[in-house]
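Undergrad: Dropping the structure in here first, questions after.
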Amino acid sequence: MFAPPEAYLVLSAAVFCIGVFGLLTRKNALLFLMSVELMLNAANINLVAFSFYWGNVTGQTFSLFTMALAAAEVAIGIGIILVLYRNFKDIDVTEATTMRW
Amino acid sequence: MVVETIAFALFALVTVGSSLGVVLVEDVWHSALLLGAALLSVAVHYVMLQAEFLAAMQILVYVGGVLILITFAVMLVRREDEPEAMEVFEA
Amino acid sequence: MSDDPNDGSRPRLKRDFNPVPGLAAVALFAVLALVFLQASFGEAQGFEQGASITASIGYAMFNIDAGAISGAVVSGEGFVVAFVLIAVALDVAIDGAVFLAKSEDEEGGIGAVLTDGGREIREKLRGGDD
């Protein structure tokens, strides 16, 4: 291990809080998607670090599943953003306040 | 041991710095590029934790798949008030 | 570097942030870092010498009994149920993406114009082929 577990925990907490910061302060839907990616990556860093810490392969396997879910989430998110752009001519999430029916 | 700690600190700095860049930069396209840098440095962290297979998967799935999808979306949803949006029709 | 603020290629920082939610995120990080740095961890165990981690991931993912395999294997839990659940979730994601892509296509809005590379709007503007 290149650093004590505390260092990996603080690193992933930093990346996660940057993701939360992006979600709370930005209005662009694409930035939302990227912030969610950052938060998922923070979780993956923790899983892999503790997989090494315990000498057990469970954490690495679980983070593989997390990656698959992140890819699916981005595919859906891109579809939603394109529909949002088609209907509102913008991807500002504070603009989309009306529904069709 | 000292070299390893320095390597971890260096790449942790790259990860945190480019992640901060993702949320702080004005242009969405610059955010996408910085997100690519952050994902690649996370892959480096995986290699340092002896998870080489996960590092390969990180680069293949995130940089090769997710980032390309985000790039498509950035190109498709350029806003009309941005100056680049009208260059297509003037060319 | 020109001083023109509209020269385009230089990255610029966004400045008009709402400060309250940003401070909330920073406070969250402060609490997390405080807790993590006060926790005590022992020495890391590390993986078994000579074991193939990639092969071990494969054995763990499909519930293959590690005792039946020759050579060193890193232990882990079985994940085959999670594997099937993720497979179903990916199927649902594909269906959702297809549904989002084909809904309201017949309207011919700006999205339909832009997804053909701007060809339709260019023909409308210039009235000819190029």
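Protein chains in written order, with this note's numbering: chain A, 1465 to 1565; chain B, 152 to 242; chain C, 1455 to 1584.
Ideal Cβ placement from N, Cα and C applies to all residues, glycine included.
This structure is a prediction, so every number in the text was calculated from the model and none was measured.
Once DSSP output is grouped into helix, strand and coil, what is the label at Val-176 of chain B?
TA: The answer is strand: DSSP assigns Val-176 of chain B an E or B state.
Undergrad: Whole angstroms are fine: how far does the CA of Val-153 of chain B sit from the CA of Ile-1540 of chain A?
TA: 44 Å
Undergrad: Using a threshold of 8 Å, state whether the C-beta atoms of Thr-1525 of chain A and Ile-1511 of chain C are closer than that.
TA: yes
Undergrad: Which of the three DSSP states, helix, strand or coil, is assigned to Asn-1510 of chain A?
TA: helix
Undergrad: Could you give the DSSP three-state label for Asn-1492 of chain A: helix, strand or coil?
TA: Three-state result, Asn-1492 of chain A: strand.
Undergrad: Taking a contact to mean a Cβ-Cβ separation below 8 Å, would you say Val-225 of chain B touches Ala-188 of chain B in this structure?
TA: no
Undergrad: Specify, as a first and last residue, the run of the alpha helix (DSSP H) that Tyr-213 of chain B falls within.
TA: Looking at the DSSP string, Tyr-213 of chain B is not in any alpha helix (DSSP H), and its letter there is neither H nor E.
Undergrad: Once DSSP output is grouped into helix, strand and coil, what is the label at Val-1547 of chain A?
TA: In the three-state reduction of the DSSP assignment, Val-1547 of chain A falls in the helix class, which pools H, G and I.
Undergrad: In this structure, how does DSSP classify Asp-1435 of chain A when only helix, strand and coil are distinguished?
TA: Because chain A here runs from 1465 to 1565, residue 1435 of chain A falls outside it and cannot be looked at.
Undergrad: With 16 other CB atoms within 10 Å as the buried threshold, where does Glu-1566 of chain A fall?
TA: With chain A represented from 1465 up to 1565, any question about residue 1566 of chain A goes unanswered, as that position is not in the structure.
Undergrad: Would you identify the three-state DSSP class for Leu-1467 of chain C, choosing helix, strand or coil?
TA: Looking at Leu-1467 of chain C - three-state DSSP - the assignment turns out to be strand.
Undergrad: Is it the case that the Cβ atoms of Leu-190 of chain B and Val-1512 of chain A are separated by a distance below 8 Å?
TA: no
Undergrad: Taking 8 Å as the threshold (beta carbon to beta carbon), is Asn-1520 of chain A in contact with chain C?
TA: yes
Undergrad: Rounded to whole angstroms, what is the Cα-Cα separation between Val-1528 of chain C and Val-1521 of chain A?
TA: 6 Å
Undergrad: In or out: Met-1563 of chain A buried (at least 16 other Cβ within 10 Å) or exposed?
TA: exposed
Undergrad: Using a Cβ-Cβ cut-off of 8 Å, state whether Phe-1466 of chain A counts as contacting chain C.
TA: no
Undergrad: Enumerate in chain order the residues of its own chain whose CB-to-CB distance from Ser-1545 of chain A is below 8 Å, with the five nearest sequence positions on each side excluded.
TA: Contrary to the premise, residue 1545 of chain A reads as Ile rather than Ser in this sequence. Same-chain partners within the cutoff: Ala-1493, Leu-1494, Leu-1497, Ile-1555.
Undergrad: Counting along the chain, where does the alpha helix (DSSP H) carrying Phe-1516 of chain C start and finish?
TA: Taken as a continuous stretch (DSSP letters only), Phe-1516 of chain C belongs to no alpha helix (DSSP H), as it is neither H nor E.
Undergrad: In three-state terms, what does DSSP make of Asn-1570 of chain A?
TA: Limits of chain A in this structure are 1465 at one end and 1565 at the other, which puts residue 1570 of chain A out of reach.
Undergrad: For a contact meaning CB atoms closer than 7 Å, what does Lys-1556 of chain C contact in chain B?
TA: Lys-1556 of chain C does not reach chain B, its nearest Cβ partner there being about 16 Å away, counting only Cβ pairs nearer than 7 Å.
Undergrad: Output the distance between the C-alpha atoms of Trp-1518 of chain A and Leu-1467 of chain C, rounded to the nearest integer angstrom.
TA: 41 Å
Undergrad: Reducing DSSP to helix, strand and coil, say where Glu-1470 of chain A ends up.
TA: Of the three classes helix, strand and coil, the one that applies to Glu-1470 of chain A here is helix, per DSSP.
Undergrad: Kindly say whether Leu-1488 of chain C, judged by its beta-carbon, lies nearer than 8 Å to any beta-carbon of chain B.
TA: no
Undergrad: What is the rounded straight-line gap between the Cα of Ala-1498 of chain C and the Cα of Thr-222 of chain B?
TA: 39 Å
Undergrad: Which residues of chain B have a Cβ atom closer than 7 Å to the Cβ of Pro-1465 of chain C, listed in chain order?
TA: Val-176, Asp-178, His-181
Undergrad: When we look at the beta-carbon of Ser-1524 of chain C and count the other beta-carbons within 10 Å, is it buried (16 or more) or exposed?
TA: exposed
Undergrad: Under DSSP, the alpha helix (DSSP H) around Val-1538 of chain C begins and ends at which residues?
TA: 1534-1556
Undergrad: Answer yes or no: do Val-176 of chain B and Tyr-1549 of chain A have a C-beta to C-beta separation smaller than 8 Å?
TA: no
Undergrad: Helix, strand or coil: how does DSSP classify Gln-1524 of chain A here?
TA: helix
Undergrad: Does Met-237 of chain B have its Cβ less than 8 Å from a Cβ in chain C?
TA: At Met-237 of chain B the pLDDT is 45, less than 50, meaning the model places this residue with poor confidence and gives no usable figure here.
Undergrad: Helix, strand or coil: which one does DSSP assign to Ser-1524 of chain C?
TA: coil
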